[in-house]
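Residue numbers (our numbering): 27 to 282.
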């Protein structure tokens, strides 16, 4: 494998049973460079750990960085797929972009279009389902999901790309994509990969707080995320922020 095709899988790990299964013992992955970051003792934000990696990497060694969760399973060797891609872009196996589904008296009805199809399940493998639409070639999206984000070391080094360390676990990949677009005109693409995320996700207090923060941060424009519209809420979602705040209040009241 040439240096240009080097793959580095960066994973913040708390459950090494999952990591051993999907990385150490996965023939599709273990022929590449694995960077497990043991987070059991420090329990730092995933964004902090990712940035520590970016700040200490030797950028004389070109590589594709694959930031992925410990419960993300690659079911194919993705090196041949990455070999022909534009290095000045961001990729992920599932992403979203906004589209106008129809116009109403109240304005344009805007929805998120899921592109790139992945398999999902519970931690124990039950409840398997597919998320997103299969694609034959990379498709332009607003953002990709946090479970797996792929970016080349050269563009990270050239532009000094970093993750927002105020985001603990949710929405940090979406923010990474949005900032790269707004500040450096770096595009993001969904990329069809054979993979499974052994998680169905969870929307709790942390998610809604971080979403409200991003909505304020990008209040001048709208972007599609796999879990929510981020930033300015287009019609008929103009009351969406109020709805989110109400959900958050309800969540707190149930905890008391």
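Beta carbons are placed, not taken as given, at the ideal position from N, Cα and C, and that holds for glycine.
Taking the alpha carbon of residue i as the point to measure from, which residue in the options has its own alpha carbon closest?
i, options, result
"residue 102", "49, 125, 215, 87", "49"
"residue 96", "124, 40, 108, 54", "40"
"residue 58", "34, 177, 52", "34"
"residue 219", "203, 88, 175", "175"
"residue 138", "121, 213, 109, 165", "121"
"residue 288", "123, 42, 157", "Missing from the structure shown is residue 288; the chain here goes from 27 to 282 and no further."
"residue 259", "252, 253, 247", "247"
"residue 169", "195, 212, 161", "212"
"residue 229", "159, 45, 252, 105", "252"
"residue 237", "250, 226, 225", "250"
"residue 233", "193, 109, 215", "193"
"residue 145", "224, 72, 216, 105", "224"
"residue 256", "166, 197, 52", "197"
"residue 140", "217, 45, 116", "217"
"residue 94", "215, 86, 76", "76"
"residue 206", "191, 181, 195", "181"
"residue 240", "190, 214, 79", "190"
"residue 214", "244, 243, 112, 159", "112"
"residue 166", "91, 117, 148", "117"
"residue 36", "85, 143, 90, 195", "90"
For residue i, count neighbouring C-beta atoms within 10 Å of its own C-beta (all shown protein chains included) and say buried if the count is 16 or more, exposed if not.
i, result
"residue 119", "buried"
"residue 153", "exposed"
"residue 82", "exposed"
"residue 164", "buried"
"residue 56", "exposed"
"residue 368", "Look at the range of the chain in this structure, 27 to 282, and you will see that residue 368 is not part of it."
"residue 109", "exposed"
"residue 99", "buried"
"residue 131", "No answer about residue 131 holds up, because its pLDDT of 45 lies below 50 and its placement is not dependable."
"residue 84", "exposed"
"residue 171", "buried"
Helix, strand or coil for residue i per DSSP?
i, result
"residue 15", "No information on residue 15 is available, as it lies outside the stretch 27 to 282 that the chain covers here."
"residue 191", "coil"
"residue 145", "strand"
"residue 99", "strand"
"residue 83", "coil"
"residue 250", "strand"
"residue 185", "helix"
"residue 206", "helix"
"residue 200", "helix"
"residue 133", "A caution first: residue 133 carries a pLDDT of 49, below 50, which makes its placement in the model too unreliable to give a value."
"residue 115", "strand"
"residue 180", "helix"
"residue 107", "helix"
"residue 91", "strand"
### Task
With a floor of 3 residues, list each beta strand (DSSP E) that falls wholly inside the stretch 211 to 246, ordered by position along the chain.
213 to 216, 221 to 223
### Task
Ignoring anything shorter than 3 residues or poking outside the stretch 39 to 77, list the beta strand (DSSP E) runs there in chain order.
59 to 64
### Task
Could you tell me whether the stretch 180 to 187 touches the stretch 51 to 69, using the rule of 3 or more Cβ pairs below 8 Å?
no
### Task
Please confirm if the stretch 142 to 153 is in contact with the stretch 191 to 211, defined as three or more CB-CB distances below 8 Å between the two stretches.
no
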